[in-house]
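The opening position of the sequence shown corresponds to residue 1211 in our numbering, with each subsequent residue numbered one higher.
Notes follow the structure.
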Amino acid sequence: MKLYDSMIDVTMEALSGHRVKKVKYSPGAAWKCLENTEFIMQRDAALELGGAPAPSVNYTCVSTSGKVCEDEILIYGSDIGEIKGGCGFSRIVILETSDLGEDKDTEKAFQAIRNLEFVRYHVFPEGYMVRVSSQSNQEQVRIARDALKKGIDFASVGSAYIKKYREVPCVKNVRVIFVTDSELVRLLVPNADKVDAITRTLTHILDGMPTDCGHCSMKAVCDEVDGMKELHLGKRNN
Ligand code: SF4
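Laid out in structure tokens, this is it:
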């Protein structure tokens, strides 16, 4: 799976040169998670991350190219305990996986992608309420006063995400990136639409859409993303 590689490179280039705090994954440090989303009332909230008018973006990229060599959490900007007032917010996940077999076993690849998408929206750290808009790729987080008092930080929340992703058999390594520097979040916002277009095209291809480039609404994506056309047109010849 190399379809997202250029977006991973664009993301890491945008972040390069900025001060980063890097934390290694530790399963024991993962913040406690709940079974379901928790509603945190405004009066119980200590912080709001990514709330309008601050920028916010969330996206996930998958690769088999050795782009992520270990489980890690990268934090750009202030950590939770240092934030005063509202700020921009971005959570980006880059997954190193084993071969999803998208060019051979469509059903298996389709299921793997669905499993990964499921994790994206199903991690519920206690005292950390996530509100997502999958249409606009935004993600807002409300943090409870109690969680802040107990010392919640991005290392423990990131570890909770990694722990959940590691339950999916194809996942080898996970990089979770948190960004609270609003200027940097703004730079990352346009990437989400492109990542989304790749995921949409890929799932349509795996779903068995016809191979007619001349009449295909996905052509702009396929013209731009290395390997997409080969994946689809190659499948026709298999
Ligand atoms: S390869 Fe052609 S038919 Fe297939 S998704 Fe891309 S543009 Fe559409």
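Think of the CB as a built atom: it goes at the ideal place given N, C-alpha and C, for glycine as much as any other residue.
Given the structure is predicted, the values throughout are model-derived calculations rather than measurements.
From residue i to residue j, what distance separates their C-alpha atoms?
{"i": "K1439", "j": "R1253", "result": "51 Å"}
{"i": "V1384", "j": "R1355", "result": "29 Å"}
{"i": "G1298", "j": "H1414", "result": "32 Å"}
{"i": "R1301", "j": "I1290", "result": "13 Å"}
{"i": "K1373", "j": "V1381", "result": "11 Å"}
{"i": "E1187", "j": "G1227", "result": "Since the first and last residues shown for the chain are 1211 and 1448, residue 1187 lies out of range."}
{"i": "D1313", "j": "D1436", "result": "14 Å"}
{"i": "A1370", "j": "D1363", "result": "11 Å"}
{"i": "G1260", "j": "V1351", "result": "7 Å"}
{"i": "A1322", "j": "D1406", "result": "17 Å"}
{"i": "C1426", "j": "K1404", "result": "17 Å"}
{"i": "E1248", "j": "K1231", "result": "28 Å"}
{"i": "R1341", "j": "N1325", "result": "20 Å"}
{"i": "P1379", "j": "G1361", "result": "31 Å"}
{"i": "E1245", "j": "C1423", "result": "44 Å"}
{"i": "F1388", "j": "E1258", "result": "14 Å"}
{"i": "V1303", "j": "Y1331", "result": "12 Å"}
{"i": "I1250", "j": "E1336", "result": "10 Å"}
{"i": "L1196", "j": "L1394", "result": "For the chain, the structure presents residues 1211 to 1448; residue 1196 sits outside this window and is missing."}
{"i": "M1339", "j": "L1310", "result": "31 Å"}
{"i": "G1295", "j": "G1368", "result": "21 Å"}
{"i": "L1397", "j": "G1238", "result": "33 Å"}
{"i": "L1305", "j": "V1272", "result": "5 Å"}
Can you say whether residue i is buried or exposed, counting buried as having 16 or more other CB atoms within 10 angstroms of its CB?
{"i": "S1308", "result": "exposed"}
{"i": "A1430", "result": "exposed"}
{"i": "G1418", "result": "exposed"}
{"i": "S1366", "result": "buried"}
{"i": "K1359", "result": "exposed"}
{"i": "K1277", "result": "buried"}
{"i": "R1229", "result": "exposed"}
{"i": "A1262", "result": "exposed"}
{"i": "C1279", "result": "exposed"}
Please decide whether residue i counts as near chain D, where near means a Cβ-Cβ distance under 9 Å.
{"i": "R1301", "result": "Chain labels in this structure do not include chain D; a single protein chain is all it has."}
Once the 5 residues before and after residue i are set aside, which same chain residues still bring their CB inside 8 Å of it?
{"i": "F1320", "result": "T1413, L1416, D1417"}
{"i": "A1402", "result": "V1267, N1268, Y1269, N1347"}
{"i": "F1334", "result": "C1243, L1244, E1245, N1246, T1247, E1248, V1340"}
Short of 7 Å in beta carbon distance, which residues of its chain neighbour residue i, apart from the five on each side in sequence? Order them along the chain.
{"i": "L1213", "result": "I1408, L1412, V1435, G1437, M1438"}
{"i": "V1329", "result": "K1374, Y1375, V1378"}
{"i": "E1223", "result": "none"}
Does ligand 2 have a heavy atom nearer than 8 Å to the CB of residue i?
{"i": "L1225", "result": "With respect to ligand 2, the structure shown offers nothing to examine, as its ligands consist of ligand 1."}
| task | With ligand 1 as the reference, list in chain order each residue whose Cβ lies under 6 Å from any of its heavy atoms. | result | T1411, I1415, T1421, D1422, C1423, C1426, M1428, K1429, C1432, M1438, K1439, H1442, L1443
| beta strand (DSSP E) segments (min. 3 residues) lying fully within the stretch 1289-1323 | 1299-1307
| Which ranges would you report for the beta strand (DSSP E) in the stretch 1344-1401 if only whole runs of at least 3 residues count? | 1348-1354, 1381-1389
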